[in-house]
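Start counting the sequence shown at 1; every next residue gets the next number (the UniProt record's numbering).
Report on one structure; see the data block that follows.
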Amino acid sequence: MSKELSILIPSRNEMFLARTIEDILQHIESDTEVIALLDGAWADPPIPQDDRVNVVYVPEAVGQRAGANIACKLSRAKYVMKVDAHCAFDQGFDRKMLEAYKETGDDVTMVPTMRNLWAFDWKCMKCGKKWYQGPTPTKCAETDFKGTGKPCDGKDFKRKMMWIGKERPQSNSYSFDAEPHFQYFNEYCRRPEYKKDLETKGITESMSLQGSAFMCTRDKWWELELSDEKLGNWGNQGIEVAAKTWLSGGRVLVNHKTWYAHMFRTQGGDFGFPWPNSGKDTQKTKENVKNLFWENKWPKQKYPLSWLIEKFWPVPGWTEENLNKLRQAKST
């Protein structure tokens, strides 16, 4: 029997995959399933058996976009929601998202409000000092050990699980600049149209997406090729999904009635990105995205990219010169 929603989790060497799935199962209220794709490595810790969870192992790594597509091929649900393997969720988030689609219609890609996930603290087992999540430490953060004025020389550190979706900051508006780079579009939250939609609907428009979670119909996933492997195996998916949704005549919306929390990993070491993330590959993906949308080469678009920039104008990181150059690009 078909589910209402399939949650797709492409994963590679993710230490919090099992915890993310556990969190999802604790908070879903609709007929929702999880499809987790293990890309080139088994889950560690392993994922407990559950009828609502389908785990797929791929022995040779295929990348995040391909992994998400494999997971989506196994879905028979009307809606799919791709999420990263290090997230926590609001109670009933699936029900609240499905209810929102009854108001908006299905020509929409939707995300919940995004919080930051406080997954764990580090604790020094010698002095008891605790500090915020990050790479495995090589030294203690305590600089005044027992009032001596000297740092603690402890070498034994343990993770203390927190798993809290921090209420501040909360992110509800995103954009991309002319490079393109992802941007938080906080200025848009002060505009009258945003405030009106928030007050009357609890749902607002967003120019782009962060990419760690997004929901759409399964038909739209395939129709718009929202995880196009030709663009690259990793990176810039938020821009890809948002541009394809808007330029094909749909809308990108943020549902303020629910939230998810995403753990950010930008400090490198063993607290970096689990997929191979060479600068060369990332740059190539960025170039592919820019070539497709900046030059209006996507066959399924109804509008040029300049239309989207004008809709949200002014947009951080875009000059009049940038916009005029877009206007001169030929349509497909």
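Glycine is no exception: its CB is placed at the ideal position from the N, C-alpha and C atoms.
Note that this is a predicted model, so its numbers are computed, not measured.
Return the first residue and the last residue of the alpha helix (DSSP H) that residue i is part of.
i	result
SER64	In the sequence as displayed, the identity of residue 64 is Gln instead of Ser. Note, GLN64: alpha helix (DSSP H), 64 to 73.
GLU229	Careful: GLU229 lies outside any alpha helix (DSSP H) and carries neither H nor E.
GLY36	According to the sequence displayed, residue 36 carries Ala and not Gly. From DSSP, ALA36 is part of no alpha helix (DSSP H) but of the beta strand (DSSP E) over 32 to 39.
ILE47	Counting along the chain, ILE47 falls outside any alpha helix (DSSP H), and DSSP gives it neither H nor E.
LYS82	No alpha helix (DSSP H) contains LYS82, which is instead part of the beta strand (DSSP E) from 79 to 83.
SER175	Premise fails: SER175 lies in the beta strand (DSSP E), 174 to 176, not in any alpha helix (DSSP H).
GLN237	237 to 247
GLN26	17 to 27
Tell me whether the beta-carbon of residue i lies closer than 8 angstroms to the beta-carbon of residue j.
i	j	result
ASP94	GLU29	yes
ALA18	ALA43	yes
ASN288	LYS297	no
VAL80	LEU8	yes
GLY238	TYR174	yes
MET125	LYS158	yes
ALA242	SER208	yes
LEU117	MET263	yes
GLN64	ASN233	yes
PRO10	ALA88	no
residue 379	ILE203	Lying outside 1 to 332, the shown extent of the chain, residue 379 is not represented and no answer is given.
MET97	ASN255	yes
THR285	LEU231	yes
THR136	ALA85	no
TRP294	ALA329	yes
residue 333	PRO316	Outside the displayed span of the chain (1 to 332) sits residue 333, for which this structure offers no information.
LYS3	GLU33	yes
THR141	LYS150	For the record, residue 141 in the displayed sequence is Ala; it is not Thr. Contact flag unset, no.
ALA66	GLU229	yes
In the DSSP assignment, find the unbroken beta strand (DSSP E) run with residue i in it and report its ends.
i	result
ASN255	251 to 262
GLY166	With the sequence shown as reference, residue 166 is identified as Lys, and Gly is not the correct amino acid for it. 157 to 171 is the extent of the beta strand (DSSP E) around LYS166.
ARG323	The residue you asked about is not Arg; residue 323 is Leu in the sequence shown. Unbroken run through LEU323 is the alpha helix (DSSP H), 320 to 328; no beta strand (DSSP E).
ILE7	5 to 11
VAL55	53 to 58
ALA88	87 to 89
TYR303	Segment: none, TYR303 is in no beta strand (DSSP E) and carries neither H nor E.
PHE182	182 to 184
Pop quiz: residue i and residue j are said to be a contact at Cβ under 8 angstroms. What is the actual Cβ separation, rounded to whole angstroms?
i	j	result
VAL58	LEU38	7 angstroms
LYS82	ALA68	5 angstroms
ASN322	ALA178	4 angstroms
GLU205	ARG251	6 angstroms
GLY154	CYS127	6 angstroms
HIS181	ASP90	HIS181 to ASP90, Cβ: 29 angstroms. No contact.
SER171	GLN210	7 angstroms
Requested in this report: Return the chain-ordered ranges of every beta strand (DSSP E) run that is complete within the stretch 93 to 152 and spans a minimum of 3 residues.
Outcome: 108 to 124 and 130 to 132
Requested in this report: For the stretch 246 to 257 and the stretch 297 to 311, state whether three or more C-beta atom pairs, one from each stretch, are separated by less than 8 angstroms.
Outcome: yes
Query raised in the report: Are the stretch 158 to 168 and the stretch 251 to 265 touching, with three or more C-beta to C-beta distances below 8 angstroms?
Result: yes
Requested in this report: Note down, one range per segment and in chain order, each alpha helix (DSSP H) of at least 4 residues found wholly within the stretch 193 to 223.
Outcome: Within the stretch 193 to 223, the runs of alpha helix (DSSP H) at least 4 residues long that lie entirely inside it are, in chain order, 218 to 223.
Report task. Determine, using beta-carbon pairs with one atom in the stretch 94 to 111 and one in the stretch 214 to 230, whether at least three such pairs fall under 8 angstroms. Result -> yes
Query raised in the report: When the Cβ atoms of the stretch 120 to 134 are set against those of the stretch 49 to 63, are three or more pairs found closer than 8 angstroms?
Result: no
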